[in-house]
Structures are given as structure tokens and as C-alpha cells.
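Asks:
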Amino acid sequence: AQTVTQSQPEMSVQEAETVTLSCTYDTSESDYYLFWYKQPPSRQMILVIRQEAYKQQNATENRFSVNFQKAAKSFSLKISDSQLGDAAMYFCAYRSSRGDSWGKLQFGAGTQVVVTP
Amino acid sequence: GAGVSQSPSNKVTEKGKDVELRCDPISGHTALYWYRQSLGQGLEFLIYFQGNSAPDKSGLPSDRFSAERTGGSVSTLTIQRTQQEDSAVYLCASSFGATGGEQYFGPGTRLTVT
Chain A
1 AQTVTQSQPE MSVQEAETVT LSCTYDTSES DYYLFWYKQP PSRQMILVIR
51 QEAYKQQNAT ENRFSVNFQK AAKSFSLKIS DSQLGDAAMY FCAYRSSRGD
101 SWGKLQFGAG TQVVVTP
Chain B
1001 GAGVSQSPSN KVTEKGKDVE LRCDPISGHT ALYWYRQSLG QGLEFLIYFQ
1051 GNSAPDKSGL PSDRFSAERT GGSVSTLTIQ RTQQEDSAVY LCASSFGATG
1101 GEQYFGPGTR LTVT
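Listed in order, the protein sequences are those of chains A and B.
No gaps in the numbering here: position 40 of the first sequence is 40 in the working numbering, and each next residue is one more.
No gaps in the numbering here: position 63 of the second sequence is 1063 in the working numbering, and each next residue is one more.
#1: Count the other CB atoms within 10 Å of the CB of Pro40/A; is the residue buried (16 or more) or exposed (fewer)?
#2: Val66/A to Ser12/A, Cα distance in whole Å?
#3: Return the CA-CA distance between Thr18/A and Ser80/A, expressed in angstroms with no decimal places.
#4: Compute the Euclidean distance between the alpha carbons of Arg1081/B and Glu15/A, then round it to the nearest angstrom.
#5: Note down the Cα distance separating Gln56/A from Ser1094/B, rounded to an integer number of angstroms.
#6: Is the shortest distance between the beta-carbon of Gln44/A and the beta-carbons of chain B less than 8 Å?
#7: Which residues, taken in chain order from the region 75–103 of chain A, show a beta carbon closer than 9 Å to some beta carbon of chain B?
#8: Do Arg1110/B and Thr1076/B have their C-beta atoms within less than 8 Å of each other?
#9: Do Gln1037/B and Leu1091/B have their CB atoms nearer than 8 Å?
#10: Taking Tyr33/A and Ala53/A to be in contact with their CB atoms under 8 Å, please state how far apart those CB atoms are, rounded to whole angstroms.
#11: Should Asp1056/B be flagged as near chain A, meaning a C-beta pair shorter than 8 Å?
#12: I'd like the span of the beta strand (DSSP E) that includes Gly1028/B, first residue to last.
#13: Among all the DSSP beta bridges, which residues are the ones paired with Ser1075/B?
#14: List, in order along the chain, the chain B residues whose C-beta lies closer than 9 Å to that of Ala53/A?
#15: Residues of chain B with CB under 9 Å from Phe68/A, in chain order?
#16: To the nearest angstrom, how far is the alpha carbon of Lys70/A from that of Tyr90/A?
#17: Please name the residue in Leu1039/B, Ser1058/B, Glu1014/B, Gly1003/B whose C-alpha comes closest to that of Ser1027/B.
#18: If Thr1114/B and Val1012/B are in contact, beta carbons under 8 Å, what's the gap, nearest whole angstrom?
#19: Quick check on the DSSP output: what are the complete beta strand (DSSP E) runs of length 3 or more inside the region 31–90 of chain A, in order along the chain?
#20: Please confirm if Tyr1033/B has its CB atom under 8 Å from at least one CB of chain A.
#21: Can you tell me which of Gly1108/B, Ser1087/B, Ala1054/B puts its alpha carbon nearest to the alpha carbon of Gly1016/B?
#22: Can you grab the Cα-Cα spacing for the pair Glu1115/B / Arg43/A, in whole Å?
#23: When the cut-off is 8 Å and only beta carbons count, does Ala109/A lie next to chain B?
#24: With a threshold of 8 Å between beta carbons, is Tyr1090/B in contact with chain A?
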């Protein structure tokens, strides 16, 4: 079974600065998907960025980028030029490409991001 | 367009009562998922439906939990004889396409069992 580990319960960052969230996972599969989701106090989970394991290029979405290290099974999220609206719980998630498991997202415990003015 | 909607937003029930939680997926999405978010267990997969295939129920924690999806659209998650440990936020998501695609989440239902 796959496991997703987020070792940072909380990270604090000042506005306009950069913060990096860590995520590691354990899998024996070679093809899979990785995601970062944001959950603000409204509870609505919002997809921030996704990465396909077969792609070597790191995904980027505006101020959000990932550092995907497949051999190390590491998938960190960098938030650049942090804004107050970035304050939320961030979850790392894994999804298998296997036909019998593709629907299931497996989540880490989450990292609370606090943005200070 | 409209996103995933869930009702009720909050539900308080007494231990031992049955509850039904509803999810309206995004129109045209063929896959629907239920997750549970609790303080002790984090985010857990419960069940997913894909088109007319048999649902994957592997995440349901006990036989008190069941779900159905009528007409390939609306889904209802039913919890019978609720227990205090069932207190959690229940999240629904939907996606388009045979390979799943991005899952879009609803705002969740917060269930409190007293």
C-alpha cells in the first residue's frame, strides 16, 4: 500500500517571501500521479498543481512549482511571492495508475501555511 | 458552471440515528468519490463510482456505511446507527473521463454525532 508523509504540521511565511512544503511517499509503482491540494477554512479542496510520474519536467502553475524527485520519492511544493490568500491547509496526494486503484486519492496529514503581513 | 454541491452543510444527530448525506456532482462527470476528513484519521477514501461499473467500496469503514448513485448523477452516503467516531467532514468529489482526471471537490458536510 502507498503512504504519503508530510512531516511539517505548520509553516509560517511572510508576505512576498517563499515557502517550501515537503512531501514524501512510498510506492512500488512506476506510473502514478501526485497532487497538491489547498483547503482554506471554507473546507473546499482546491487543486493547486499536479505531476505525472512519467514526466521528468517539474510542474509549474504561476507562483506554485514542485520539485519532483522520483528516485527519492519526494514531491515538494514551493510557493513564491506568498500572499495572504495562500493561507490554508495544504495536502499532498497520490493516485495510482492501476486500473483497480485509479480512483483513490491517498492524502498526507497536511501542512498548515500561515502567512504574516 | 456549477461545481460539486453537498447537502446539508452541517448535520447534528444523536448517537444511534441514521443519516443521509447528499452529493450533486458536476454535470457530465462520470466518476464520483466520497472521502472522510476527521481529526484522528486525516483524509480517507471511502468509495467511488465510475459510470455503470460496480463501485469500489474498499474504503468503507464498516457495514453501517453505504452509498448509492442514482441515474449516474446524484449520490447519497448513508450511515446507519451513527456512532461518535463517525463525527467528521464528509467530502464528495467528481471527475470526468475514464481515467479519472482531476477530482473537483464539494464543500463537504460536517457531521456531528452527540
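All C-beta atoms, glycine included, are put in the ideal place defined by N, C-alpha and C.
Replies: Looking at the coordinates:
#1: Classified as exposed, Pro40/A has fewer than 16 neighbouring CB atoms from the shown chains inside 10 Å of its CB.
#2: 18 Å
#3: 4 Å
#4: 48 Å
#5: 28 Å
#6: yes
#7: Phe91, Ala93, Arg95, Ser97, Asp100, Ser101, Trp102, Gly103
#8: no
#9: Yes, the Cβ-Cβ distance between Gln1037/B and Leu1091/B is below 8 Å.
#10: 7 Å
#11: yes
#12: Going by DSSP, Gly1028/B is part of no beta strand (DSSP E) at all; its letter is neither H nor E.
#13: Cys1023/B, Arg1069/B
#14: Within 9 Å Cβ-Cβ: nothing; Ala53/A doesn't reach chain B, min ~14 Å.
#15: Simply none; closest approach about 18 Å.
#16: 21 Å
#17: Gly1003/B
#18: 6 Å
#19: 32–39, 46–52, 64–69, 74–79
#20: yes
#21: The option with the nearest alpha carbon to Gly1016/B is Ser1087/B.
#22: Residue 1115/B falls outside the range modelled here, since chain B spans only 1001 to 1114, and no answer is possible.
#23: yes
#24: no
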